[in-house]
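Below is one structure; the comments refer to it alone.
In our numbering, the protein residues as written are 890 to 1134.
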């Protein structure tokens, strides 16, 4: 087992952001979360990461409940949000040093340098990421998370801010992580033609309305990987709304 949520519900006043979600993310499996704006994608990721406390239900990582073992569980899980935040007076390398110290990581420098190089920001080690473009900020946030060796990696819209070469590198790198046993859950509207995820989830108004294997979805229709998010989201939401009408 890697990550799971049981009857997960998040409310903001009378607004239901997540509505009784039940989900399992096994070790070494990847999944994408689709949904329109406001469907609950970011809320789901933030709740799994422990950034938001659920109104009802439970989150567990490696059979440890977040509410009971928060420090340990949060050490296993890393979330890269869609708009990462940085200290205005710290450089790229200083941000990495803080992450390494906070997570008690030794011998991280070589891997960090390699990732920075692959993402094309290795020449900016003394620059201030608070002044970077959104794409460069997301690349750094990815590196900061990856050097911690998470067991469950959560990514909110990772491909959108990235250039095509970085999208392909990230997709291949995530596939390698998954093959090594890491579990990956990401929300996205974009999928490169590399590293297909195992599962596809669709949220609609806080409800999980589809949980299926990508291979099954693609085999059922003439769907390419690049067209998968739009194609599936359009068809699934049409069916859900027709049944709700």
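Beta carbons are placed, not taken as given, at the ideal position from N, Cα and C, and that holds for glycine.
Rounded Cβ spacing between residue 1032 and residue 1063 (contact assumed at less than 8 Å): The residue given as residue 1032 occupies position 143 in the chain shown. The residue given as residue 1063 occupies position 174 in the chain shown. Contact flag wrong, Cβ pair sits at about 14 Å.
Segments assigned alpha helix (DSSP H), at least 4 residues, entirely inside the stretch 1009-1084: For the stretch 1009-1084, whole alpha helix (DSSP H) runs of length 4 or above, ordered along the chain, are 1023-1035, 1053-1068.
Whole-angstrom distance between residue 1116 and residue 1082, CA atom to CA atom: Here residue 1082 corresponds to residue number 193 of the chain shown, with the count starting at 1. Here residue 1116 corresponds to residue number 227 of the chain shown, with the count starting at 1. Rounded to whole angstroms, residue 1082 to residue 1116 spans 10 Å at the Cα level.
Straight-line gap, residue 1094 to residue 946 (C-alpha atoms, nearest Å): Stepping through the chain shown from its first residue, residue 1094 is reached at position 205. Stepping through the chain shown from its first residue, residue 946 is reached at position 57. Each residue's Cα considered, the two are about 18 Å apart.
Of the residues 920, 1006, 894, the one placed nearest residue 909, counting alpha carbons only: Residue numbering aside, residue 909 sits at position 20 when the chain shown is read from its first letter. That would be 894, whose Cα lies nearest to the Cα of residue 909.
For residue 961, the first and last residue of its enclosing beta strand (DSSP E): The sequence position of residue 961 within the chain shown is 72, counting from 1. It is not in any beta strand (DSSP E) - residue 961 instead sits in the alpha helix (DSSP H) that spans 959-965.
Exposure of residue 1079, with buried meaning 16 or more beta-carbon neighbours within 10 Å: The residue labelled residue 1079 in the question sits at position 190 within the chain shown. When all chains shown are included, residue 1079 counts as exposed.
Reduced DSSP secondary structure (H/G/I, E/B, other) of residue 1120: Working through the chain shown from its first residue, we reach residue 1120 at position 231. Helix.
Among 1112, 1091, 1104, nearest to residue 923 - alpha-carbon criterion: Your numbering for residue 923 matches position 34 in the chain shown. Taking the Cα of residue 923 as reference, the smallest distance to any Cα among 1112, 1091, 1104 is reached at 1091.
Enclosing beta strand (DSSP E) for residue 1006 [first to last residue]: Position 117 of the chain shown, counted from the first residue, corresponds to residue 1006. Run containing residue 1006: none in the beta strand (DSSP E); it sits in the alpha helix (DSSP H), 998-1007.
Cβ neighbours of residue 1006 in the same chain (closer than 8 Å, five flanking residues each side left out): The residue given as residue 1006 occupies position 117 in the chain shown. The answer is none, since no qualifying residue turns up.
Cβ contact (3+ pairs, closer than 8 Å) linking the stretch 1009-1022 and the stretch 965-983: yes
Assigned secondary structure, residue 984 (DSSP; H/G/I helix, E/B strand, else coil): Residue mapping note: residue 984 aligns to position 95 of the chain shown, counting from 1. Three-state DSSP puts residue 984 in a helix.
Where residue 1105 sits in the DSSP three-state scheme: The residue you call residue 1105 lines up with position 216 of the chain shown. It is helical.
Beta-bridge pairing of residue 1114 - partner residues as DSSP gives them: Counted from its first residue, the chain shown places residue 1114 at position 225. DSSP output for residue 1114 lists no bridge partner at all.
Bridge partner(s) assigned by DSSP for residue 949: As a first step, residue 949 is located in the chain shown; it is residue number 60 there, counting from the start. Note: residue 949 sits in a beta bridge opposite 893, 954.
Touching by the beta-carbon criterion (3+ pairs, under 8 Å), the stretch 983-999 and the stretch 1042-1053: no
Residue range of the unbroken alpha helix (DSSP H) whose run includes residue 934: Working through the chain shown from its first residue, we reach residue 934 at position 45. Start and end: 930-937.
Whole-angstrom C-beta distance between residue 951 and residue 1040, which should lie under 8 Å: The residue labelled residue 1040 in the question sits at position 151 within the chain shown. The residue labelled residue 951 in the question sits at position 62 within the chain shown. Right, the Cβ-Cβ distance comes to about 7 Å (below 8 Å), so this counts as a contact.
Residues bridged to residue 901 [DSSP beta-bridge criterion]: Translated into positions along the chain shown, residue 901 becomes position 12. The partner list for residue 901 (beta bridge, DSSP) reads 904.
For residue 1201, the residue or residues it bridges with in DSSP: In the structure displayed, the chain extends from 890 to 1134; residue 1201 sits before or after that span and is not available.
Neighbourhood of residue 900 by C-beta, 8 Å cutoff - its chain only, sequence neighbours within 5 removed: To locate residue 900, count along the chain shown from 1; it is residue 11. Result list for residue 900: 906, 944, in chain order.
CB contact below 7 Å: residue 898 versus chain C: Of the chains in the structure shown, none is chain C; there is only one protein chain.
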